[in-house]
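Here is the structure we will look at, set down as structure tokens.
In my numbering, the protein residues as written are 209 to 407.
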């Protein structure tokens, strides 16, 4: 595989065969519960009679759980959650597959004009798709999805804090941090007869 961008690291690629089921399990929707009916149901239970004559905590816990689970099954509706990620349109999926084919078939895809053109096209189409999706969410009367999208967009990025290297110097930039880690690893993991290739 070629180098990744302008770095000295090669790209490693592997595939994992999985047998995970694609079906989504239904989950309880506690937002759609008739809580007044649930409250009436639980208030009409003779708890003293239900939990009487016990010899251990387990004798109390199991009947209590059975009643609670029965009530939840009776009053809490279940629904299958929707897909978390948006489904991309067919033309966007097609150019993404084209990009993957070019990446694996070209000897140096990161410097290939066609590969760069396809990547630029995907970036442009993705921005259009996101803008259209945001407009649809904003026009929707059910605002939960819009709020979730905005929360994800507004979440602050987490940056690696400033570090102190083994000499006591404060390193701030990404390059200085990488060099500090490299120097530390070479000190820790190097033996007297280690040979380091020149980069």
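Positions of the beta carbon are idealized from the N, C-alpha and C atoms, including for glycine.
Check, Outcome
"When 285, 328, 282 are compared against residue 304, the one with the closest alpha-carbon", "328"
"For residue 297 and residue 159, believed in contact at Cβ under 8 Å, the rounded distance", "Any answer about residue 159 is impossible in this case: the structure gives the chain only from 209 up to 407."
"Assigned secondary structure, residue 303 (DSSP; H/G/I helix, E/B strand, else coil)", "helix"
"Residue range of the alpha helix (DSSP H) that includes residue 326", "321-347"
"contact_flag[the stretch 271-290, the stretch 248-260] where n(CB pairs < 8 Å) is 3 or more", "yes"
"Counted within 10 angstroms of its Cβ, other Cβ atoms place residue 364 as buried (16 or more) or exposed", "exposed"
"Alpha-carbon to alpha-carbon, residue 337 and residue 313", "28 Å"
"Inter-residue spacing [alpha-carbon to alpha-carbon] between residue 387 and residue 302", "40 Å"
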